[in-house]
Amino acid sequence: MEEPQGPTVSPGGAEPSATFLPSLEEWARSTAGRLLAELPRRWAHSQGVARKAEDVALALEPADRPMLIAAAWLHDIGYAAVLRKCGLHPLDGARYLAALGVPGRVCGLVAHHSGAASVAALMGLGHQLAEFPDERGPVRDALWYCDLTTSPDGLPVSLRTRTVELCARRGPDDPVVRALADNGAERAGAVRRTESLLCPVLSGQNRDSGHGRRNG
Ligand SMILES: [Fe+2]
1 MEEPQGPTVS
11 PGGAEPSATF
21 LPSLEEWARS
31 TAGRLLAELP
41 RRWAHSQGVA
51 RKAEDVALAL
61 EPADRPMLIA
71 AAWLHDIGYA
81 AVLRKCGLHP
91 LDGARYLAAL
101 GVPGRVCGLV
111 AHHSGAASVA
121 ALMGLGHQLA
131 EFPDERGPVR
141 DALWYCDLTT
151 SPDGLPVSLR
161 TRTVELCARR
171 GPDDPVVRAL
181 ADNGAERAGA
191 VRRTESLLCP
201 VLSGQNRDSG
211 HGRRNG
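Residue numbering for the sequence shown follows full-length UniProt numbering, beginning at 1 and increasing consecutively.
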C-alpha cells in the first residue's frame with residue numbers, strides 16, 4: 001500500500017513544525033479517510049465519532065475545539081495496515097502523527113483514548129505509551145465520550161451497549177476486553193463528566209431554538 005502523504009514538515013528540528021491546510025481538522029479528516037479507506041466499517045465509526053465531536057466541541061473552550069475534532073477523526077488511524085507496528089492502535093497512530101509534526105496535544109489524545117493505558121499495560125507497552133502525555137481533562141474526556149458512545153458503524157449508542165458489543169465482538173481474551181476490569185470505571189467517568197458538561201449547552205440550544213440537537 002502506498003504510504004500516505006503528510007503535511008510539509010521542516011527537516012532537522014527537534015520540534016517539527018508542520019502546516020495543515022486548510023485547517024488541522026480538514027487535514028485530519030482527509031488523512032483519516034485515506035488511511036481507513038481499506039477499512040470501511042472503521043471509517044464509518046470514525047466519521048460518527050467526529051460528527052459527535054463537532055457537536056460536543058461547542059461545550060469546550062474555543063482553543064480546544066480543533067484539538068478534539070482532529071483527534072476524533074484520527075483516533076483510530078493506527079488500525080490502518082500501513083501504520084501497524086506494535087499492534088496497539090492508539091500508539092501506532094500517535095507515533096505516525098508525531099512524526100508528521102501534528103500538535104502534541106492531538107498525539108497525546110490519540111495515544112491515550114478510551115483507556116489505552118490499561119490495554120498498553122497488559123500488552124507490555126506501558127512505557128512506550130507513556131512517551132505521550134495524557135492530559136486528563138475535559139477534552140480528553142470528550143474524546144472518550146465520543147468514541148465510547150458511537151457504534152462500530154458510526155451510530156450513537158449508550159456506553160453500556162457499546163461495551164456489550166465490544167465484549168461480544170472481541171471475546172474475553174482480547175486485551176481491550178481484559179482491560180475493562182482496570183479502565184471500566186474511568187471510561188464511565190469520562191462519559192458521565194462529558195454528559196454533565198453538555199447539559200447546559202443542550203438546554204440552552206433547546207431554549208433558543210425549540211428543537212433538540214441532532215444526536216450525532
Ligand atoms: Fe474508536
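Beta carbons are placed, not taken as given, at the ideal position from N, Cα and C, and that holds for glycine.
Within the same chain, Cβ atoms closer than 7 Å to the Cβ of leucine 122 are found at Pro175, Arg178 and Ala179, the five residues on either side in sequence being excluded. Partner residues in a beta bridge of proline 90, as assigned by DSSP, do not exist.
Threonine 150 sits in a strand when the DSSP states are folded into three classes. Proximity of the beta carbon of valine 49 to ligand 1 is indicated: a heavy atom of the ligand is located closer than 7 Å.
Histidine 127 sits exposed, since fewer than 16 C-beta atoms from the chains shown fall within 10 Å of its C-beta. For proline 172, the secondary structure class from DSSP, reduced to helix, strand or coil, is coil.
The DSSP-derived three-state label of proline 22 is coil. Applying a distance threshold of 5 Å between residue Cβ atoms and the heavy atoms of ligand 1 selects Asp76 and Asp147, given in chain order. Glutamate 186 and tryptophan 144 have their C-alpha atoms some 10 Å from each other. A direct Cα-to-Cα measurement between leucine 91 and serine 203 gives close to 37 Å.
DSSP places histidine 45 in the uninterrupted alpha helix (DSSP H) bounded by 40-56.
Relative to the Cα of glycine 33, the nearest Cα in the group His75, Ala57, Val110 and Val164 belongs to His75. For proline 156, the beta-bridge partners assigned by DSSP are Thr150. Non-local C-beta neighbours of aspartate 147 in its own chain, meaning closer than 7 Å and more than five positions away in sequence, comprise Val49, His75, His113 and Ser114, ordered along the chain. The beta carbons of glutamate 25 and proline 66 sit closer together than 8 Å. DSSP, reduced to helix, strand and coil, places serine 30 within a helical segment of the structure shown. Using a C-beta cut-off of 8 Å, the stretch 133-143 makes contact with the stretch 57-72, since at least three inter-stretch Cβ pairs fall below that distance.
Under the three-state reduction of DSSP output, glycine 101 falls in the coil class, being neither helix nor strand.
Nearest in C-alpha terms to alanine 81, of all of Glu38, Val119, Ala98 and Gly108, is Glu38.
For aspartate 134, same chain residues with a beta-carbon under 8 Å away, outside a window of 5 residues either side, are Gly108, Ala111, His112, Ala117 and Arg140 in chain order.
Classified as buried, lysine 52 has 16 or more neighbouring CB atoms from the shown chains inside 10 Å of its CB.
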